[in-house]
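Residue numbers (UniProt numbering), protein chains in the order written: chain P, 1 to 516; chain B, 1 to 516.
Using N, Cα and C, we set each Cβ at its ideal position, and we do this for glycine too.
As the structure is a prediction and not an experimental result, all values here were calculated from the model.
Below: the structure, in structure tokens.
Protein chains: 2
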Amino acid sequence: MRRFATERAKRLLLASRSPPSAFLCSSPAAAMDPAAGVVTVDTINPKVLKCEYAVRGEIVSHAQRLQQELQNKPGFHPFDEILYCNIGNPQSLGQPPVTFFREVLALCDHPPLLDKSETHALFSADAIARAWQILDVIPGRATGAYSHSQGIKGLRDAIAAGIADRDGFPANPDDIFLTDGASPAVHMMMQLLTRSEKDGILCPIPQYPLYSASIALHGGSLVPYYLDESTGWGLEISELKKQLEDARSKGITVRALVVINPGNPTGQVLAEENQREIVNFCKNQGLVLLADEVYQENIYVDDKKFNSFKKITRSMGYGDDDIPLVSFQSVSKGYYGECGKRGGYMEVTGFNAEVREQIYKVASVNLCSNISGQILASLVMNPPNVGDESYESFSAEKNAILSSLARRAKALEDAFNSLEGVTCNKAEGAMYLFPRLRLPQKAISAAKAVNAAPDAFYARRLLDATGIVVVPGSGFGQVPGTWHVRCTILPQEDKIPAIISRLKAFHEAFMEEFHD
Amino acid sequence: MRRFATERAKRLLLASRSPPSAFLCSSPAAAMDPAAGVVTVDTINPKVLKCEYAVRGEIVSHAQRLQQELQNKPGFHPFDEILYCNIGNPQSLGQPPVTFFREVLALCDHPPLLDKSETHALFSADAIARAWQILDVIPGRATGAYSHSQGIKGLRDAIAAGIADRDGFPANPDDIFLTDGASPAVHMMMQLLTRSEKDGILCPIPQYPLYSASIALHGGSLVPYYLDESTGWGLEISELKKQLEDARSKGITVRALVVINPGNPTGQVLAEENQREIVNFCKNQGLVLLADEVYQENIYVDDKKFNSFKKITRSMGYGDDDIPLVSFQSVSKGYYGECGKRGGYMEVTGFNAEVREQIYKVASVNLCSNISGQILASLVMNPPNVGDESYESFSAEKNAILSSLARRAKALEDAFNSLEGVTCNKAEGAMYLFPRLRLPQKAISAAKAVNAAPDAFYARRLLDATGIVVVPGSGFGQVPGTWHVRCTILPQEDKIPAIISRLKAFHEAFMEEFHD
Numbered sequence: 001m002r003r004f005a006t007e008r009a010k011r012l013l014l015a016s017r018s019p020p021s022a023f024l025c026s027s028p029a030a031a032m033d034p035a036a037g038v039v040t041v042d043t044i045n046p047k048v049l050k051c052e053y054a055v056r057g058e059i060v061s062h063a064q065r066l067q068q069e070l071q072n073k074p075g076f077h078p079f080d081e082i083l084y085c086n087i088g089n090p091q092s093l094g095q096p097p098v099t100f101f102r103e104v105l106a107l108c109d110h111p112p113l114l115d116k117s118e119t120h121a122l123f124s125a126d127a128i129a130r131a132w133q134i135l136d137v138i139p140g141r142a143t144g145a146y147s148h149s150q151g152i153k154g155l156r157d158a159i160a161a162g163i164a165d166r167d168g169f170p171a172n173p174d175d176i177f178l179t180d181g182a183s184p185a186v187h188m189m190m191q192l193l194t195r196s197e198k199d200g201i202l203c204p205i206p207q208y209p210l211y212s213a214s215i216a217l218h219g220g221s222l223v224p225y226y227l228d229e230s231t232g233w234g235l236e237i238s239e240l241k242k243q244l245e246d247a248r249s250k251g252i253t254v255r256a257l258v259v260i261n262p263g264n265p266t267g268q269v270l271a272e273e274n275q276r277e278i279v280n281f282c283k284n285q286g287l288v289l290l291a292d293e294v295y296q297e298n299i300y301v302d303d304k305k306f307n308s309f310k311k312i313t314r315s316m317g318y319g320d321d322d323i324p325l326v327s328f329q330s331v332s333k334g335y336y337g338e339c340g341k342r343g344g345y346m347e348v349t350g351f352n353a354e355v356r357e358q359i360y361k362v363a364s365v366n367l368c369s370n371i372s373g374q375i376l377a378s379l380v381m382n383p384p385n386v387g388d389e390s391y392e393s394f395s396a397e398k399n400a401i402l403s404s405l406a407r408r409a410k411a412l413e414d415a416f417n418s419l420e421g422v423t424c425n426k427a428e429g430a431m432y433l434f435p436r437l438r439l440p441q442k443a444i445s446a447a448k449a450v451n452a453a454p455d456a457f458y459a460r461r462l463l464d465a466t467g468i469v470v471v472p473g474s475g476f477g478q479v480p481g482t483w484h485v486r487c488t489i490l491p492q493e494d495k496i497p498a499i500i501s502r503l504k505a506f507h508e509a510f511m512e513e514f515h516d
Numbered sequence: 001m002r003r004f005a006t007e008r009a010k011r012l013l014l015a016s017r018s019p020p021s022a023f024l025c026s027s028p029a030a031a032m033d034p035a036a037g038v039v040t041v042d043t044i045n046p047k048v049l050k051c052e053y054a055v056r057g058e059i060v061s062h063a064q065r066l067q068q069e070l071q072n073k074p075g076f077h078p079f080d081e082i083l084y085c086n087i088g089n090p091q092s093l094g095q096p097p098v099t100f101f102r103e104v105l106a107l108c109d110h111p112p113l114l115d116k117s118e119t120h121a122l123f124s125a126d127a128i129a130r131a132w133q134i135l136d137v138i139p140g141r142a143t144g145a146y147s148h149s150q151g152i153k154g155l156r157d158a159i160a161a162g163i164a165d166r167d168g169f170p171a172n173p174d175d176i177f178l179t180d181g182a183s184p185a186v187h188m189m190m191q192l193l194t195r196s197e198k199d200g201i202l203c204p205i206p207q208y209p210l211y212s213a214s215i216a217l218h219g220g221s222l223v224p225y226y227l228d229e230s231t232g233w234g235l236e237i238s239e240l241k242k243q244l245e246d247a248r249s250k251g252i253t254v255r256a257l258v259v260i261n262p263g264n265p266t267g268q269v270l271a272e273e274n275q276r277e278i279v280n281f282c283k284n285q286g287l288v289l290l291a292d293e294v295y296q297e298n299i300y301v302d303d304k305k306f307n308s309f310k311k312i313t314r315s316m317g318y319g320d321d322d323i324p325l326v327s328f329q330s331v332s333k334g335y336y337g338e339c340g341k342r343g344g345y346m347e348v349t350g351f352n353a354e355v356r357e358q359i360y361k362v363a364s365v366n367l368c369s370n371i372s373g374q375i376l377a378s379l380v381m382n383p384p385n386v387g388d389e390s391y392e393s394f395s396a397e398k399n400a401i402l403s404s405l406a407r408r409a410k411a412l413e414d415a416f417n418s419l420e421g422v423t424c425n426k427a428e429g430a431m432y433l434f435p436r437l438r439l440p441q442k443a444i445s446a447a448k449a450v451n452a453a454p455d456a457f458y459a460r461r462l463l464d465a466t467g468i469v470v471v472p473g474s475g476f477g478q479v480p481g482t483w484h485v486r487c488t489i490l491p492q493e494d495k496i497p498a499i500i501s502r503l504k505a506f507h508e509a510f511m512e513e514f515h516d
């Protein structure tokens, strides 16, 4: 009401300088109403208020302030740069883009280059050939036109072929929906499946907070299932069953199961046998399987292999009618790491034609995803082949990135495990470590005193002391009473030793300060 | 229940080939539950079902079928191409992209080009300079990294400068939120403002169906206000007031007013005096003003001029505290027409810091908009200047596109007005005509007999006879009992005479067939 009073006072004040023809509402009845509509946090959509996204939350805002201070007052902090280990954003930390992909994008952005002789000195022959191929499947070669709302058909053909190569089972281009990164695809499915808070989605805990945020924004219920840290973040069917039954007993209709493989923030890679169990669980329980497979290229250990859930279902003999399955893929991860291009797709199988039509309709409201992202999605699913001019250099770039990521993952994992009270599971895949912190009681009390979760308190102190940004485990969910942080493995390799020293020194000082 | 029975039968059938370790649910109580979750149109989010988007609706699906038939059976239809006049998608109909914009995009996609001597033969000097400028404001020159969730700060600086140049009033880069086209920005605001169906948004009728679709998806109420066709689609404050009071009397809290200027589908350009009245109306009634200004460069008559609502409010002496105002802009329209790049922004002013933070949070869940789209948005708001190497050719391209659009608008407007029973208002701006059809009673009965709206019936017959795709007025809303179609002015100029002949011949035959 204070705001309303102020508004009204201002209105009276301003009336004199309003143009004479202005419509001025003077009836008291009408004057009462506007207050109800004034936009404050108390009058906006409560689902928006409820939504949280820790990966870009408070700790990152604080890091940005520190970065500003570093620029304005060099030497003011005990570090000279902010190291953003909060987010899987490889190129922001210096990972170069893959040359072949960028060559093709540049040529498609400015097709007149293809007719110039100088172009052959600047671009590889197979990039030029690929750009022609792509332009030829775009109606009118118009890379600046809205496409079909699922994405350009010829690019979906290429993606379907890439999926078939990967899985050894056919894929249908009509099942592909190209999206601006994987996030809008996840939103689309949550929007489709959620009628009210009585609809639930089974999500891993810890989870990537896009899921909790999207479920909150669409007004559904997150039904948690806990990954077992003691078995390397194992996914146990008994736990799924228990949580499903518990949710059902509360009147929740569980619509879908989210599985993130390789795991985010937990980095584990599912075993094939485990995947089969998950598929049967979904099938028997009538659940949609939402498979977040954006880290499918990020595997760092020899004894694990990525298997798509599509391949698993088909290898079990299940076809399109047997199980609704959505697989999410993105150009932001893998060895490509093209986060800024916002490319991605979902492969949607096992829904009937009427439901499929509704998914198409929602996609069509936003017209289409960006064409560069669409092109890039087709490229990552069809990189250069043996014999292509770029093949050798492409393979060298790819292997350099992936092998370096594996070394960085191992070095950071070992470093965390060397810290007092910290245990860190193997980084089998993805781009993260999720070490568990066993903090002294004094630290927990100190956190409580400043109204912070203990892991948020630790992360804040780490940032202030070292410039390293990690995300508190509370942003992902964790077993109550346990504390973690998520740290990416993405800083460039030559910086890793210094990071590890800073981390160790900080941790020792922290434990010393709060020793019980 | 039939579906459930079938599912259960299949499950029993498949149990034998499930791997032995599979979790098989056998308790009858648990087996009852899955049926409730099976995904059919009866169990998905009813808001999704309710949402409609006519611009890519049934008529377009039919057109795509015809196009397929034309490919497979040339000569099968009385036309040899489908002319998509259903959507503002200029490059799909042959409008070339602006060279300078594409040069800069290509260089930013593949920055190593900037170090090569051949590049100077292929790109203009100012495109090279601009690419350097842009790369220099991107942290680490990483065009493949996620940016700040509002967009790259340096690009927002450039956009704010462009807005200030346009308006003569300052703009704040912190008010800019870059988005993948304007559509996600509109969704974000609707999501923020809508708590339930008791929250209403005042929208013009006819309207661009993104608004009705977005309001439906977020569960709010569209409060219609009718534009007055008899005064060139005039926006009357008395009508706004009447509809607002009517909605309030029904218990609706009206949150915002949508104004589309230049109008879509109606093509009118608001007079400055009218805009001042609208601003005062919003201010007095406590409404957020949502200003769809994506056609700001598309003005075709000498006596009209685009004025942003930001400029109008500031010229009235209102500042940031006086009125919540959101202006939407896109790279898809104007003379640039870069629909496939999905670039755009909203300028958000007049909200308090807490609400602003919530908008930022929602933006951050999707991380950021695509960087090429961000770069392009900065370019369209800061095109080449007098003296730049590209200035002459850039201006020539821009003027050729805009003057041709003006000629096409006039030619099609005249053609519609020459048809029996058809009246068409002046295309002052945007990319559309929205002629009114007065159809014979027999045609209305024939439409009813096939369960179609009369304008949908007309549009379908037009498509089948000529290959021209227009959207029935019912997709945009219209005064009950009146019928319209929306037709873009975008077919290439050399095709316009043939289109007009086909249109006239079809219309004459149609009127002849259904003569009362």
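Query raised in the report: If you scan the region 173–255 of chain B from start to end, which runs of the beta strand (DSSP E) of 3 or more residues do you find wholly inside it?
Result: 176–179, 199–205 and 221–226
Requested in this report: For P:Ile-44, decide whether its Cβ has a neighbour in chain B, counting only Cβ atoms nearer than 8 angstroms.
Outcome: yes
Query raised in the report: Taking the alpha-carbon positions, what's the P:Thr-266 to P:Ile-278 distance?
Result: 18 angstroms
Query - Burial state of B:Ile-499, where buried means 16 or more other Cβ atoms lie within 10 Å - result: buried
Requested in this report: Measure the beta-carbon distance from B:His-62 to B:Arg-460 and round it to whole angstroms, keeping in mind my assumption that it falls under 8 angstroms.
Outcome: 7 angstroms
Query raised in the report: Excluding five sequence neighbours on each side, which residues of the same chain lie with their C-beta closer than 8 angstroms to the C-beta of B:Asp-322?
Result: Lys-283, Thr-313 and Gly-350
Query raised in the report: beta strand (DSSP E) containing B:Gly-467: first to last residue?
Result: Looking at the DSSP string, B:Gly-467 is not in any beta strand (DSSP E), and its letter there is neither H nor E.
**Report entry** Touch test, the region 480–496 of chain P against the region 89–99 of chain P, Cβ-Cβ under 8 angstroms, three pairs minimum
**Finding:** yes
Query raised in the report: What is the rounded straight-line gap between the Cα of P:Asp-388 and the Cα of P:Asp-165?
Result: 18 angstroms
Requested in this report: Provide the residue span of the beta strand (DSSP E) that contains residue 520 of chain P, from first to last.
Outcome: Past the boundaries of the shown model lies residue 520 of chain P; chain P is included only from 1 to 516, so the question cannot be answered.
Query raised in the report: Helix, strand or coil for B:Pro-90 per DSSP?
Result: helix
**Report entry** Nearest-angstrom Cα separation, counted from B:Ser-418 out to B:Lys-504
**Finding:** 8 angstroms
**Report entry** Backbone secondary structure at B:Tyr-391 - three-state DSSP
**Finding:** helix
Query - Neighbour-count burial assignment, P:Ser-196, 16 or more Cβ in a 10 Å radius - result: exposed
Requested in this report: Find the residues of chain P that neighbour B:Phe-351, judging by a C-beta separation of less than 7 angstroms, and give them in chain order.
Outcome: Val-39
Query - Three-state secondary structure assigned by DSSP to B:Val-479 - result: coil
Query raised in the report: Are the beta-carbon atoms of P:Ile-237 and P:Glu-428 separated by less than 8 angstroms?
Result: no
Query - Straight-line gap, P:Ile-163 to P:Asp-175 (C-alpha atoms, nearest Å) - result: 11 angstroms
Query raised in the report: Taking Cβ to Cβ, would you say P:Arg-156 is nearer than 8 angstroms to P:Gln-150?
Result: yes
Query raised in the report: Is the Cβ of B:Lys-305 closer than 8 angstroms to any Cβ of chain P?
Result: no
Report task. Give the secondary structure of P:Thr-423 by DSSP, where H, G and I count as helix, E and B as strand, and everything else as coil. Result -> strand
Query raised in the report: How long is the line joining the alpha carbons of P:Gln-358 and P:Gln-191, rounded to whole angstroms?
Result: 11 angstroms
Requested in this report: Kindly list the residues whose CB is nearer than 8 angstroms to the CB of P:Thr-253, restricted to its own chain and excluding five residues on each side of it in sequence; keep chain order.
Outcome: Lys-198, Asp-199 and Gly-200
Requested in this report: Helix, strand or coil for B:Leu-437, going by three-state DSSP, please let me know.
Outcome: strand
Requested in this report: Could you tell me whether any non-hydrogen atom of the ligand MN is closer than 7 angstroms to the CB of B:Ser-149?
Outcome: Looking at this structure, you won't find the ligand MN or any other ligand, since it has none at all.
Query raised in the report: Nearest chain B C-beta to P:Ile-496 closer than 8 angstroms, yes or no?
Result: no
Report task. List the residues that DSSP assigns as beta-bridge partners of B:Phe-328. Result -> B:Asp-292 and B:Met-346
Query raised in the report: Taking one C-beta from the region 57–74 of chain P and one from the region 112–121 of chain B each time, how about it: are there three or more such pairs within less than 8 angstroms?
Result: no
Requested in this report: Check the DSSP bridge columns for P:Pro-472 and list the partner residues they point to.
Outcome: P:Val-485
Query raised in the report: Apart from the five residues on each side of it in sequence, which residues of its chain come closer than 7 angstroms, Cβ to Cβ, to B:Arg-502?
Result: Thr-466 and Ile-468
Query - Exposure of P:His-515, with buried meaning 16 or more beta-carbon neighbours within 10 Å - result: exposed
Query raised in the report: Is it right to say P:Pro-184 is buried, meaning 16 or more other beta carbons lie within 10 angstroms of its own, or is it exposed?
Result: buried
Query raised in the report: For chain P, is any of its Cβ atoms less than 8 angstroms away from the one on residue 520 of chain B?
Result: A query on residue 520 of chain B cannot be resolved here, the shown segment of chain B reaching from 1 to 516 and no further.
Query raised in the report: Mapping DSSP to helix, strand and coil, what is B:Gly-263?
Result: coil
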